[in-house]
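> Residue numbering for the sequence shown follows this note's numbering, beginning at 1 and increasing consecutively.
Beta carbons are placed, not taken as given, at the ideal position from N, Cα and C, and that holds for glycine.
Take this structure, written in structure tokens, and hold onto it; I'll ask about it next.
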Amino acid sequence: MEHRLDKAYPKHQAGKYKSLKNASSFVLQMILFVTPWLLWNGRPVALLDLPGRKVHLFGWTFWP
Numbered sequence: 001m002e003h004r005l006d007k008a009y010p011k012h013q014a015g016k017y018k019s020l021k022n023a024s025s026f027v028l029q030m031i032l033f034v035t036p037w038l039l040w041n042g043r044p045v046a047l048l049d050l051p052g053r054k055v056h057l058f059g060w061t062f063w064p
């Protein structure tokens, strides 16, 4: 006897929270992809120094 499974499809969602999620996701992705190429006083606006465990934002340096 052959076992047969039906396909599952995601349900389409709509509404103000879905629109808010999409808009905020777009804005955050643009910040992530654009800020490394923007310069502030000759340095990148956002720089993540993972080996040094530092974050450089607009000339300020933050570390844990």
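Anyone know if the C-beta pair for Val-102 and Leu-38 falls short of 8 angstroms?
This structure gives no information on residue 102, because the portion of the chain shown stretches from 1 to 64.
> Could you give the DSSP three-state label for Phe-26: helix, strand or coil?
If you number the sequence shown from 1, residue 26 lands on position 26. In the three-state reduction of the DSSP assignment, Phe-26 falls in the helix class.
> Sorted by chain position, which residues of the same chain lie with C-beta nearer than 6 angstroms to Leu-47's C-beta, five sequence neighbours on each side aside?
Residue numbering aside, residue 47 sits at position 47 when the sequence shown is read from its first letter. The answer, listed in chain order, is His-56.
> Which residues bound the beta strand (DSSP E) around Phe-62?
Taking the sequence shown and counting its residues from 1, the one referred to as residue 62 is at position 62. Its beta strand (DSSP E) spans residues 60-62.
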